[in-house]
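Novice:
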Amino acid sequence: MTASELIRALGGAASMAEKLGLKRTAVAMWGSRGEVPGEHHLAVWQMALDAGVGWEPPGADEIRARLKQVA
């Protein structure tokens, strides 16, 4: 899934920006650049999970492994 497809699937740049406390133009640029910045991966991943959208950030398997160690 491309960044642009993800943004559309999560309601568009304005909706995502509002939920993340960012400007719409910042989120729209993710689509232009083709990636979600690393500092937003977890928040966007949670949004995707909540919306039933099949997107995972790079390194998702490592994050899961770390969470299992903590649990």
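Read in order, the letters of the sequence shown correspond to residues 2 to 72 in this note's numbering. The C-beta atom is built at its ideal place from N, Cα and C for all residues, glycine as well.
#1: What number of angstroms, rounded off, separates the C-alpha of Q47 from the C-alpha of G12?
#2: Measuring straight from C-alpha to C-alpha, what distance separates L23 and G55?
#3: Can you check which of these residues, A61, R34 and A66, is closest to E6 by C-alpha distance?
#4: Can you tell me whether L11 is helix, strand or coil according to DSSP?
#5: Can you say whether M2 is buried or exposed, counting buried as having 16 or more other CB atoms within 10 angstroms of its CB?
#6: Counting only runs of 3+ residues fully inside the stretch 5-63, write out the beta strand (DSSP E) ranges in chain order.
#7: Take the Cβ of M17 as the centre, count every other Cβ of all protein chains shown within 10 Å, and call the residue buried at 16 or more, exposed below.
Specialist: Taking the geometry as given:
#1: Counted from its first residue, the sequence shown places residue 47 at position 46. Counted from its first residue, the sequence shown places residue 12 at position 11. Rounded to whole angstroms, Q47 to G12 spans 14 Å at the Cα level.
#2: Against the sequence shown, residue 23 aligns to sequence position 22. Against the sequence shown, residue 55 aligns to sequence position 54. Each residue's alpha carbon lies about 23 Å from the other.
#3: As a position in the sequence shown, residue 6 is number 5, starting the count at 1. Comparing Cα positions, the closest option is R34.
#4: As a first step, residue 11 is located in the sequence shown; it is residue number 10 there, counting from the start. DSSP places L11 in coil when its eight states are reduced to three.
#5: As a first step, residue 2 is located in the sequence shown; it is residue number 1 there, counting from the start. Burial call: exposed.
#6: none
#7: The sequence position of residue 17 within the sequence shown is 16, counting from 1. Buried, since its Cβ has 16 or more Cβ neighbours within 10 Å.
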